[in-house]
Amino acid sequence: MARTTHPTRRPTPLLAGGALACLALIAVPGCVIGTLIGGMAASAERYGDHEVLAEYAGLQEKSFAVVVDADRIIQANEPELTARITARVNDTLMQNAGAAYGIPSRDLLAVLYARPQWQAMQPSEVAAMLGVERLVWIELDTYRLSEVGNKYMWDGLARGSVLVYAADSALPDDPMFEKAIMVQFPDSTGYSRSDLPESAVTTELSNRFVDRASWLFFDHREPNEMKY
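Using my numbering, the first residue of the sequence shown is number 1221, and each one after it goes up by one.
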């Protein structure tokens, strides 16, 4: 009787590659494997992100409004800045902070423009004027784009404080929350007007300030290597 022969089955490239990879891994010393794993973990840590909890969650189930108080020099140098920060922070909190309701930014700015003396009023009076239970009061102390004494080199700095007043508390003119914040841009020195336009510097600097002011009020995620 003739013997039946069967064709030899060759490993597929995928299986063969996997087997070679396993053999190669076995041949790698343990310290090298540890280095490879450590490198991957470090890369994940560097490019990953993490959760940051709200520092003040008292806007939930409360009506609120945001106001930005800056000195005359800042307002003269950056006439649209306070309105931009007010609207950006107010909109962000309306979307993320779980507040019962807020005032639409257009309406909020209209009231503030109509009553420019609000900056000289007590927080409780401003809250009553706006009809809110929580007043987020941002004091912008410093806002500069260039180095001191050198307007040609960028060295942006925005610094201030975020305070919260509770109109329905026993002490409506005493802040129930206060946090100092500071941001900078660019992230390194040596950039001049020929490298970056002024619009890019002021936009990024104010965006960073808005982020830091807004993030105080709701849980969010931040990159592990946060530049600001």
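A virtual CB, placed ideally from N, CA and C, is assigned to each residue, including glycine.
Practice problem: Whole angstroms is fine: what's the gap from G1318's alpha carbon to L1416's? | Solution: In a straight line, the C-alpha of G1318 is about 37 Å away from that of L1416.
Practice problem: Thinking L1391 and W1357 are a contact (beta carbons under 8 Å), I'd like their distance in whole angstroms, please. | Solution: L1391 to W1357, Cβ: 15 Å. No contact.
Quiz item: Which class does E1424 belong to by DSSP, given the choice of helix, strand or coil?
Solution: Correct three-state label for E1424: helix.
Self-check item: P1417: CB within 7 Å of a non-hydrogen atom of the ligand ZN
Solution: By its list of ligands, the structure shown contains no ligand whatsoever, and the ligand ZN lies outside what it can speak to.
Quiz item: With DSSP run on the structure shown, which of helix, strand or coil describes E1418?
Solution: It is helical.
Quiz prompt | Reduced DSSP secondary structure (H/G/I, E/B, other) of Y1267 | solution = Here DSSP, grouped into helix, strand and coil, assigns Y1267 to helix.
Self-check item: Continuous alpha helix (DSSP H) assignments of at least 4 residues falling wholly in the stretch 1292-1323
Solution: Runs found: 1292-1297 and 1301-1316.
Practice problem: Would you list the residues sitting across from A1379 in a DSSP beta bridge? | Solution: Reading the sequence as shown, one finds Arg at residue 1379 and not Ala. Bridge partners of R1379 according to DSSP: T1362 and M1402.
Quiz item: Three-state secondary structure (DSSP) at P1395?
Solution: P1395: coil per DSSP, three-state reduction.
Quiz item: Where do the ends of the beta strand (DSSP E) carrying D1289 lie?
Solution: Residues S1283 to A1290.
Quiz prompt | DSSP beta-bridge partners of Y1385 | solution = Bridge partners of Y1385 according to DSSP: L1355.
Self-check item: Test item: CB-CB of D1269 and P1443 under 8 Å
Solution: Here D1269 is near P1443, since their CB atoms are less than 8 Å apart.
Quiz prompt | Inter-residue Cα distance where the pair is L1425 and L1365 | solution = Per the coordinates, the alpha-carbon of L1425 lies some 8 Å from the alpha-carbon of L1365.
Practice problem: Using beta-carbon positions only, say whether R1441 and E1300 come within less than 8 Å of one another. | Solution: Against a cut-off of 8 Å, the Cβ pair of E1300 and R1441 comes out as no contact.
Practice problem: Report the rounded CA-to-CA distance for N1520 versus L1436, giving the unit in angstroms. | Solution: No answer is possible for residue 1520: it lies beyond the span of the chain, which begins at 1221 and ends at 1448.
Quiz item: Beta-carbon separation of V1331 and S1283 under 8 Å?
Solution: In this structure, S1283 does not lie closer than 8 Å to V1331 by Cβ.
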